Each structure stands twice: as C-alpha cells, then as structure tokens.
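Remarks on the structure that follows.
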Amino acid sequence: MKPISSSRLLTLSASLIGARIAGAGLTFLTQILIARWLGADTLGHYAVAMSLGGVLAIVAAGGYPSIAQRYIARYRVDERADLTTGFTSSGLRGIFLSSLVLIALTWTGLWLFQGDRSPDYTLALAIGALAAPGMAMLNFHGAVANAYRKPFLGFLPDTLLRPMLFIAAVALAELALSSVISAMELMAMNLGVAVLAALLQWALMRREGILAGRHAPRTRENATWRKSAVPLVLIVLFTNYFIDVDILLLSTLLTPEQIAVFNICVRFTAFIVFALHSVNQIALPDLADAHARTDRNGVMQALGRANFAGVGLAVGATVLLALFGNSILKHIGPEFAGGYKLLVLLSFAQIARASLGTASVQLLTVTGHQTKALPALGGGMLALVVLNFLLVPRLGLEGAGIAMLVTITGWSAALAVVAYKVTGYDVTFWTPLRQLAARHLVRHA
Numbered sequence: 015m016k017p018i019s020s021s022r023l024l025t026l027s028a029s030l031i032g033a034r035i036a037g038a039g040l041t042f043l044t045q046i047l048i049a050r051w052l053g054a055d056t057l058g059h060y061a062v063a064m065s066l067g068g069v070l071a072i073v074a075a076g077g078y079p080s081i082a083q084r085y086i087a088r089y090r091v092d093e094r095a096d097l098t099t100g101f102t103s104s105g106l107r108g109i110f111l112s113s114l115v116l117i118a119l120t121w122t123g124l125w126l127f128q129g130d131r132s133p134d135y136t137l138a139l140a141i142g143a144l145a146a147p148g149m150a151m152l153n154f155h156g157a158v159a160n161a162y163r164k165p166f167l168g169f170l171p172d173t174l175l176r177p178m179l180f181i182a183a184v185a186l187a188e189l190a191l192s193s194v195i196s197a198m199e200l201m202a203m204n205l206g207v208a209v210l211a212a213l214l215q216w217a218l219m220r221r222e223g224i225l226a227g228r229h230a231p232r233t234r235e236n237a238t239w240r241k242s243a244v245p246l247v248l249i250v251l252f253t254n255y256f257i258d259v260d261i262l263l264l265s266t267l268l269t270p271e272q273i274a275v276f277n278i279c280v281r282f283t284a285f286i287v288f289a290l291h292s293v294n295q296i297a298l299p300d301l302a303d304a305h306a307r308t309d310r311n312g313v314m315q316a317l318g319r320a321n322f323a324g325v326g327l328a329v330g331a332t333v334l335l336a337l338f339g340n341s342i343l344k345h346i347g348p349e350f351a352g353g354y355k356l357l358v359l360l361s362f363a364q365i366a367r368a369s370l371g372t373a374s375v376q377l378l379t380v381t382g383h384q385t386k387a388l389p390a391l392g393g394g395m396l397a398l399v400v401l402n403f404l405l406v407p408r409l410g411l412e413g414a415g416i417a418m419l420v421t422i423t424g425w426s427a428a429l430a431v432v433a434y435k436v437t438g439y440d441v442t443f444w445t446p447l448r449q450l451a452a453r454h455l456v457r458h459a
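If you're matching positions, the sequence shown starts at 15 in the working numbering and goes up one per residue.
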C-alpha cells in the first residue's frame, strides 16, 4: 500500500478534522439546547447516562477496534481475505454477546442499588446501557474502514451523522411535545439514532466490499486476536474514553448541575481531542506499514507529521477557548458562568498530551507491545481517582480540572518513556522540533 504523502495527510486531516469539529459542534449545540430548554439538572443526568453507554460500548467491543489496523494491514499485504473476513465477523459477534452480558449486569445493578435516584434517571441509565451495542458497532466498523483507507466512511457515521440526527430529533420533540423532555426520553432518542447510524455504516461497508457476505470463506484466529485485543480495552478507556470514565467518577462527587457544567467544558475541549484523534488515525496506516517494512525513517516521519499537526491544533484551540470561552459559558446559563477556570485547565491538559506524544499507544500497538502501556495508564487512573476524591470535595469543579491536568500530563510522560524504551522511537513533539530547528540553522549557516 502506498504511503500517504505529507500533503495528502494534511488534506485528509483537514477534511476529517473539519467533519469531526462539525460533529462535535452539533453535539455541543445539543448540550447547550438541553441546558437552556430543559435545565442543567437534566443535562447532568443525560451526560452520565451517555458516558455509561460509551464506556460499556468500549468494553463490549473487546479491544477489536484497536487491533483492526494492525491485523487487517497484515492480512491485506499477505492477500488473506479469509482472515480479514474472519476478523470482522468475530469482532461483530463478540460485540453482541458481550453487550447482552453487560446490559444484564447493568440493569441488575440499577435494580439492586436504586438509592435516591429518580425513576427517570434510572431509566436513562438503563437506556444508556442498551445503546452500547450500536455505539460499539460504530467504533469497530469505523476502525475497519480506516484500515481500508476509507476514513470518511469510518468517521462520518459516528462523528457527523449521529449528532445531526440527534439534534434534529431533539428539536422536533421540543416543537411537537407540550411537556418537558426528560433525560430518559433524550436517551431513547439517542438509542434510535445510534442504531440507525450503525446500520447505515454497515450497509455502506457491505456495498464497498469491505465487509464480506455471510457465505464468504473465513478463517478465525480468535485466541491470537483476543490476546492482543483484551488489554487494549483498558487502554482505550484510559485514553480515548477518559472523559466518560471521569464523568462516571464525578457523578458520585458532584451535583447534577455541576456535572452539567463539567460536561459543557469537556465538550469544548472535545474539539481538541477529536482533532488529535483524527490526525493519529490518518497517520496510523503509514505507521503500521512502515513498521511492517522495518522502515525506521518512515516511522519517525509519520510520528513527526502527526506531532506537528497535533501540537499546532491543540495550542490554537486553547488560545481560542481562553479568549472566547468565558463569554460563551455566560451565555449558556448562569449555572455555567463559574466554569471558565475549569475550561482553561482542561485545555492545557490537551496541550500537555499533544506535546508529550499522542501516538504512544498506537506505536506500542502496531509493534505488538500494547500491554506495556497498562502500568502507566493504570497508575494514571488510580491517580485520577485519588485526586478526584481529595480535590473535588474541597475545590469543586476546579479540583476536577486539576485532577485531570495532573493525570493526563503524568501518564502521557510515562507512556512516552515506555514507548522509547520498548521501541527506540521518541514520540514527543520535542525531537522533530529539534530536528526542524537544526535543519533551519544548517540551511541558513
């Protein structure tokens, strides 16, 4: 497979980042509408239920989305369509079987530990668990499509189509219904659009020939795939779904109104997270191909391009949020006016993440050393729990922001060290920056 050139990477990244920002913008607009129409309390309940669904979706996928690039790239080079078909069918079957177990456990837990939750909040959480299979399908099929160099098919159903359908559903419901929409009804709408987006993506991938038919030859290496995939469940939870895990933790420490403020500020910084994730996903095929060819220079070039793009995007977005975030928060509602310091803290956390290298886990994954990331991520998650319980009761939302900033900085640094020790590659921004400065000095000497 031909590597993506720098100009092609920039074009694809810009297009995908634009689409992801549009999707994040629609999601953010939906959060604002919920806060203004239905109140911060309803938004807080909805945010926790959505985070529950997202976390369960990652567990249900079993780590298969994270290894799709590695194995599909290898099978395509070896022209083993039977193994590719076996991989995709095994991943999908695992999603449905795991989802059944997770839904049953979640519903049982909600019934046994009702506490002082309102019936509407309990039903919202129950529907959040029910949405996990559709969300897991979008994650898995998106990774498979990206492995086939179809990034738009991989990203757009989840990042753009789903929020568009949801905001349309919320707007229509607000216009058509005389009563106030509850968190449970919001989650029911989200369930419907998640299933619709997942089925549409599946149909398009079947039409493109990415997903084979039922009777296509297939060979399964389930033991090998599970050994590689299962450790990545924790890795994905601690990285890409770190925000959702944190919201679930904070739901035990903050009021629903405070959760709503935290959620709105996180949606601001989600623009940065989406941008970093998009750049990494576009660069990942080149990273995997270069490693398969034992092309060390190709790996470093892929890392360098991703680092420059990631840091530039993170810094630019943080400047915009620092300038305009306070005014926007005030316009959302009086409950959100106190979230500006939290917003700035969360933004700086993403700059630290980008500077220390967001490709550490991807590099460890494509080289087969993904389990080496677990101690750093596990230590980071433990630190997050401890810091939340120490700081949030005393400092409130600012304590939650400090906990996230310290945790992200700490585990990003630890992952960079692990990646360098294991692979010999420096994934941080500073090495390509020094190389660029050295070339500039030589050119002007």
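The C-beta atom is built at its ideal place from N, Cα and C for all residues, glycine as well. None of these values were measured; they are calculated from a predicted model.
Report the rounded CA-to-CA distance for W216 versus H155, giving the unit in angstroms. 7 angstroms
Should I72 and V244 be called a contact, given that it needs their Cβ atoms to be closer than 8 angstroms? no
Which of the three DSSP states, helix, strand or coil, is assigned to L255? The question names Leu, yet the displayed sequence has Tyr at residue 255. Residue state, collapsed to three classes: coil.
So A274 and A414 are in contact, right, with Cβ under 8 angstroms, and what is the actual spacing, rounded? Contact doesn't hold; Cβ gap of about 13 angstroms is too wide.
Where do the ends of the alpha helix (DSSP H) carrying L268 lie? Element bounds for L268: n/a, residue is neither H nor E.
With distances taken Cα to Cα, identify the nearest neighbour of L114 among A145, T102 and S132. A145
Contact set for S196: own chain, Cβ-Cβ below 6 angstroms, skip 5 residues either direction: D134
For M15, which three-state DSSP category applies? With a pLDDT of 49 at M15, under the threshold of 50, the modelled position of that residue is not reliable, and no figure is offered here.
The segment 380-394 contacting the segment 216-229, beta-carbon criterion three pairs below 8 angstroms: no
Assuming L174 contacts A33 under a Cβ cut-off of 8 angstroms, what Cβ separation, rounded to an integer in Å, is found between them? 5 angstroms
Count the CB pairs spanning the segment 201-213 and the segment 78-85 that are closer than 8 angstroms, and state whether there are at least three. no
Classify K241: buried if its beta carbon has 16 or more other beta carbons within 10 angstroms, exposed otherwise. exposed
Whole angstroms is fine: what's the gap from A363's alpha carbon to I416's? 9 angstroms
Could you check whether V400 and I261 sit closer than 8 angstroms to each other, using their CB atoms as the reference points? no
Just list the beta strand (DSSP E) runs in the segment 216-249, keeping only unbroken ones of 3 residues or longer that don't cross its boundaries, in chain order. none
Exposed or buried, what is Q272 when buried is set at 16 or more other beta-carbons lying within 10 Å of its beta-carbon? buried
Which residue wins for smallest C-alpha separation from I460, given the options A331, D96 and A427? The requested residue 460 is not part of the displayed model; the chain covers only 15 to 459.
Within the same chain, show all residues whose beta-carbon is closer than 7 angstroms to that of I365, passing over the 5 residues directly before and after it, in chain order. A328, V329 and T332
Does the contact criterion of 3 or more C-beta pairs under 8 angstroms hold for the segment 37-52 versus the segment 118-130? no
Identify whether F443 lies in helix, strand or coil by the three-state DSSP scheme. coil
Expected contact under 8 angstroms - CB spacing of T56 and I46 to nearest Å: About 13 angstroms; that fails the 8 angstroms criterion.
For M198, which residues from the same chain have a beta carbon less than 7 angstroms from its beta carbon, with the 5 sequence-adjacent residues on both sides left out? D134, L137, A138 and I141
Are the beta-carbon atoms belonging to L267 and F276 less than 8 angstroms from one another? no
In chain order, what residues of the same chain have a beta carbon less than 7 angstroms from the beta carbon of V431, not counting five sequence neighbours either side? none
Shortest alpha-carbon distance to S369 belongs to which of R88, I422 and G37? I422
Buried or exposed, going by whether 16 or more other CB atoms sit within 10 Å of the CB of S341? exposed
Residue burial classification, E223 (beta-carbon count within 10 angstroms, cutoff 16): Note on residue identity: the sequence assigns Gly, not Glu, to residue 223. Exposed, by the Cβ-count rule.
Can you tell me whether E349 is buried or exposed? The criterion is at least 16 other CB atoms within 10 Å of its CB, across all chains shown. buried
For the alpha helix (DSSP H) that T385 lies in, which residues bound it at each end? That residue, T385, is in no alpha helix (DSSP H); it is neither H nor E in DSSP.
Can you grab the Cα-Cα spacing for the pair F110 / G100, in whole Å? 16 angstroms
Considering only the alpha carbon of each residue, which of A237, L334 and R90 lies closest to G76? A237
For G67, which residues in the same chain have their Cβ closer than 7 angstroms to its Cβ, ignoring the five residues on either side in sequence? G142, A143, A145, A146 and M149
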